[in-house]
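Residues 2 to 45 in the numbering used here are what the sequence shown lists, from first letter to last.
Note that the Cβ used here is the ideal one computed from N, Cα and C, for glycine as well.
To keep things clear, I will list the structure first and then write my remarks on it.
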Amino acid sequence: MANIYAALIIKGKKSINDVPDKIRDEVKQVLIDEGHPELAEGGN
């Protein structure tokens, strides 16, 4: 699920603030690993 959210964030369809708190840290890590640390900023 984290990979799906990360892909949507990269495409501009969602933001990190749209991700449920439960998996937000995992999605942030996927974004960082994919080379998009700027998209992982925000949220909690």
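With a CB to CB cut of under 6 Å and the five nearest residues on each side skipped, what residues in its chain are close to residue i?
i, result
"residue 29", "41"
"residue 15", "9"
"residue 32", "7, 40, 41"
"residue 20", "6, 28"
Taking the beta carbon of residue i as the centre, do at least 16 other beta carbons fall within 10 Å, making it buried, or is it exposed?
i, result
"residue 5", "exposed"
"residue 10", "buried"
Quick check on DSSP: helix, strand or coil for residue i?
i, result
"residue 27", "helix"
"residue 12", "helix"
Looking only at its own chain, which residues have a Cβ that is under 8 Å from the Cβ of residue i, when we skip the five neighbours before and after it?
i, result
"residue 43", "16, 17, 18"
"residue 24", "2, 3, 6"
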